[in-house]
């Protein structure tokens, strides 16, 4: 999965939600996702864009799936999705963030998210999702 490329923050007050965020923004990285990967730590997440549905084939651990609109609005979540399952996703979702199922609820419907990202990767995400430094 590589190295963390940014952080996930609350768009309203800047609260740090995920200190280590990985990005899967092309077909092969999204397809591979976390297959055959070690379980995520509680402070890690994988952001898949564009994405509205997820499979957990060949995973060795459960995931929490969080669905967001292109502008960072929370649309829904599916918690504790076990390996070898398929998620149909959420209507209008453009972004999925996969987190450890051990960390509990992390996002709130009334609080949009933003990504504080290493500038080399900013071209991969919609501008409205990026946090301005």
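In our numbering, the protein residues as written are 13 to 145.
Think of the CB as a built atom: it goes at the ideal place given N, C-alpha and C, for glycine as much as any other residue.
Treat the numbers as computed from the prediction; the structure is a model and nothing was measured.
Please state whether DSSP places residue 43 in a helix, a strand or coil.
helix
**Prompt:** From which residue to which residue does the beta strand (DSSP E) around residue 112 run?
**Reply:** Element bounds for residue 112: 107 to 112.
Item to check | Distance, residue 136 Cα to residue 108 Cα | outcome: 14 Å
Q) When burial is assigned at 16 or more other CB atoms within 10 Å of the CB, is residue 76 buried or exposed? A) buried
Original post:
Rounded to a whole number of angstroms, what is the C-alpha to C-alpha distance between residue 32 and residue 127?
Top reply: 11 Å
Requested in this report: Starting from residue 125, trace the beta strand (DSSP E) both ways and give me its first and last residue.
Outcome: 125 to 129
_Please give the ranges of any beta strand (DSSP E) in the region 27 to 72, keeping only runs that are unbroken, at least 3 residues long and fully inside the region._
28 to 36 and 56 to 60
### Message
Taking the beta strand (DSSP E) that residue 79 belongs to, which residues open and close that run?
### Response
75 to 80
According to DSSP, residues forming a beta bridge with residue 99: Its beta-bridge partners are 66.
On the three-state DSSP scale, how would you describe residue 142? Reduced to three states, the DSSP call for residue 142 is strand.
Q. What residue from 19, 27, 96 and 26 has the CA that sits closest to residue 48's CA?
A. 96
Q | Beta-carbon spacing of residue 79, residue 87 below 8 Å | A | yes
message = How far does the beta strand (DSSP E) with residue 18 in it extend, from its first residue to its last?
response = 18 to 22
* My guess is that residue 125 and residue 46 are in contact by the Cβ rule of under 8 Å, so how many angstroms apart are they, rounded? -> Not a contact, Cβ separation roughly 20 Å.
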